[in-house]
Amino acid sequence: MLGKLSRWLRLLGYDTTYSPRKEDNQLLYEALTQERILLTRDRELAFKGGKKAVLIESDQIFRQIDQLKKELNIKLEPQYNRCPVCNYPLENINKKEIRELVPSYTYKTHELFKICPGCSRIYWEGSHKDLINRLLNQKLGYHPEN
Ligand SMILES: [Zn+2]
Numbered sequence: 131m132l133g134k135l136s137r138w139l140r141l142l143g144y145d146t147t148y149s150p151r152k153e154d155n156q157l158l159y160e161a162l163t164q165e166r167i168l169l170t171r172d173r174e175l176a177f178k179g180g181k182k183a184v185l186i187e188s189d190q191i192f193r194q195i196d197q198l199k200k201e202l203n204i205k206l207e208p209q210y211n212r213c214p215v216c217n218y219p220l221e222n223i224n225k226k227e228i229r230e231l232v233p234s235y236t237y238k239t240h241e242l243f244k245i246c247p248g249c250s251r252i253y254w255e256g257s258h259k260d261l262i263n264r265l266l267n268q269k270l271g272y273h274p275e276n
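Following this line, the structure appears as structure tokens:
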């Protein structure tokens, strides 16, 4: 299952759909018609997909990301522009509109908030940004620019 990988790819800004229950042919059709690359742990499905598919070799999330960095040249810079849960591009939202929806400390200490039009989750650049950067640094040697 590649649910975790799909959330990480969205964090890195990549438009990523996740469909663990779909049939092989449906997945292949969508990859072709939506110009997507099919990521799978299924050797047979990867073979059928040819150049449109990548066989994910490891069960470990950072090995998976490292493989995609090498094979698809993905960038390891977190983007925070896409909902990691449902893949919608995030929209800026006026701080005043979400006052009741975030912890008061967070409200006081942040200026920029974004909302997902799909699930209405609210995002801000909080402590998880440091955590993500640290993980990418420790596991994959990523160095943030600033
Ligand atoms: Zn969402």
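Counting from 131, one number per residue, gives the positions in the sequence shown under our numbering. Note that beta-carbon positions come from the ideal geometry of N, C-alpha and C, so glycine has one too.
- Considering only the beta carbon of each residue, do Thr146 and Asn217 sit closer than 7 Å? Going by C-beta atoms, Thr146 is nearer than 7 Å to Asn217.
- Message: Out of Leu162, Lys181 and Arg264, which one is the CA nearest neighbour of Glu201?
- Response: Residue Lys181 is the option with its Cα nearest to Glu201.
- Beta-carbon separation of Leu185 and Leu168 under 7 Å? Judged by their CB atoms, Leu185 and Leu168 are not nearer to each other than the 7 Å cut-off.
- Query: Within 7 Å (strictly less), CB to CB, does Thr147 reach chain B?
  - Reply: You won't find chain B in this structure, because it holds only one protein chain.
- Item | Chain-order list of residues whose beta-carbon lies under 7 Å from that of Pro247 (same chain, five-residue window excluded) | If we look at Pro247 and ignore the five residues flanking it on each side, its Cβ neighbours are Tyr218 and Glu221.
- Query: First and last residue of the beta strand (DSSP E) that includes Asn222?
  - Reply: In this chain, the beta strand (DSSP E) harbouring Asn222 covers Glu221 to Ile223.
- Query: Is the segment 202-212 in contact with the segment 187-194, if contact means three or more CB pairs nearer than 8 Å?
  - Reply: The segment 202-212 is not in contact with the segment 187-194.
- Task: For Thr236, collect the residues of the same chain with a Cβ closer than 7 Å to its Cβ; drop the 5 residues on either side in sequence, then sort them by chain order.
- Result: The answer, listed in chain order, is Trp254 and Gly256.
- Minimum length 4: unbroken alpha helix (DSSP H) runs contained in the segment 177-232: Segments of the alpha helix (DSSP H) lying fully in the segment 177-232: 191-202.
- How many whole angstroms separate the CB atoms of Arg140 and Pro214, which I take to be in contact at a CB cut-off of 8 Å? About 5 Å separates the two Cβ atoms, so the contact holds.
- Message: Using a 10 Å radius around the Cβ and a threshold of 16 neighbouring Cβ atoms, would you call Lys226 buried or exposed?
- Response: Per the 10 Å Cβ criterion, exposed.
- Inter-residue Cα distance where the pair is Arg210 and Met131: Looking at the sequence shown, residue 210 is not Arg but Tyr. Approximately 23 Å between the Cα atoms of the pair.
- First through last residue of the alpha helix (DSSP H) which encompasses Tyr159: From DSSP, the alpha helix (DSSP H) with Tyr159 extends over Asp154 to Thr163.
- Item | Per-residue DSSP class, three states only, for Leu266 | DSSP places Leu266 in helix when its eight states are reduced to three.
- Message: Taking only three categories from DSSP, how would you classify Thr239?
- Response: The answer is helix: DSSP assigns Thr239 an H, G or I state.
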